[in-house]
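Residue numbers (the working numbering): 5 to 305.
Virtual Cβ for every residue (Gly too), placed ideally from N, Cα, C.
Heads up, the thing below is written out as structure tokens.
Written out as structure tokens, the structure reads:
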């Protein structure tokens, strides 16, 4: 793809986020790219978020969508479908982060070095902060590399760092993934199934940890690991992940490279033993890997 001045869209879903939203929007619109538009969908807020958005909408580079509450996954995917195909790249945004200068231009630069005739996704790292943006550390989402098999049972990307090309957006829009387990996981899964994922060990934003978005991703590593495993095993993720992999096969199986399709079929149809002994790395941590293998043997996955 040859793009002289790429058109970039940012998809932002809001829900009761008025406190930090304007700072987030300002940091997006301050990015050093020439053709940028922010598409915001409110997902049924009950605070002053919509009023704030209507004021911000007066800026010429913001498109506002007001909808009922459908959950963040469906809300984000709805925004992606609403973005005109004339946009070359689409980025996701949370409602309370601060984007650092050069976030988008760096992502686009990386993507333009890839084969853009196929779906491509960029992802990076972030600095996590308290509510007053005091730094508390940085993420380490990718410690052992990203492959299709490693994306099946763990999302090693963060949606607020993702930027996708038009081919990937078209693929996402062609699928009915309203019940996917997280828009960012689904996007990364499709990217690694059909095309490529470029991981950049670069801190691109300040991730503000508030009471509304707090998870274990911004705490010590042991707690992060325990939280991820607990959510995977106890939080209903087992059923959701299995359904998502079946959806991937139904939507894109016939478009996948034979080796990737073979891997997917193994974990959809293989015996407990074959899955447990598969010579593939599936999780970033050894403990997580062992848990998944045990779940295979128990027939829980």
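So the candidates are 135, 105, 244, 180; which of them puts its Cα closest to the Cα of residue 206? Nearest option by C-alpha distance: 105.
DSSP three-state assignment for residue 168, whether helix, strand or coil: If DSSP states are grouped into helix, strand and coil, residue 168 belongs with the strands.
Give a yes or no on whether the C-beta atoms belonging to residue 44 and residue 16 are separated by under 7 Å. Yes, the Cβ-Cβ distance between residue 44 and residue 16 is below 7 Å.
Considering residue 252, what are the terminal residues of the alpha helix (DSSP H) in which it resides? That run of the alpha helix (DSSP H) goes 241–256.
Of all the alpha helix (DSSP H) runs that stay within the bounds of the region 56–88, which reach a length of 4 or more residues? 76–86, all fully within the region 56–88.
Please check the pair residue 286 and residue 154, which I expect to be a contact at CB under 8 Å, by giving their CB distance rounded to whole angstroms. In this structure, residue 286 and residue 154 form a Cβ contact; the two beta carbons are roughly 6 Å apart against a cut-off of 8 Å.
Ignoring anything shorter than 3 residues or poking outside the region 114–166, list the beta strand (DSSP E) runs there in chain order. Counting only runs of 3 or more, we get 124–133, 139–142.
CB of residue 20 within 7 Å of CB of residue 51, strictly: The answer is yes: Cβ separation under 7 Å.
Please look up how many angstroms separate the CB atoms of residue 184 and residue 260, rounded, as I've assumed it's under 8 Å. Rounded, the Cβ-Cβ distance is 17 Å, inconsistent with contact.
Is it right to say residue 10 is buried, meaning 16 or more other beta carbons lie within 10 angstroms of its own, or is it exposed? Buried: at least 16 other Cβ atoms inside 10 Å.
Distance check for residue 32 and residue 87, CA to CA, integer angstroms please. Going from the Cα of residue 87 to the Cα of residue 32 covers about 17 Å.
Where does residue 204 fall in DSSP's three states? Here residue 204 sits in strand by DSSP.
For residue 245, count the other beta carbons within 10 Å of its own beta carbon; 16 or more makes it buried, fewer makes it exposed. Which is it? Classification of residue 245: buried, given that the 10 Å Cβ count is 16 or more.
By Cβ distance, which residues of its chain are closer than 7 Å to residue 118, with the 5 residues on each side in sequence left out? The beta carbon of residue 118 is closer than 7 Å to those of 124, 200, 202 in its chain, skipping five residues each way along the sequence.
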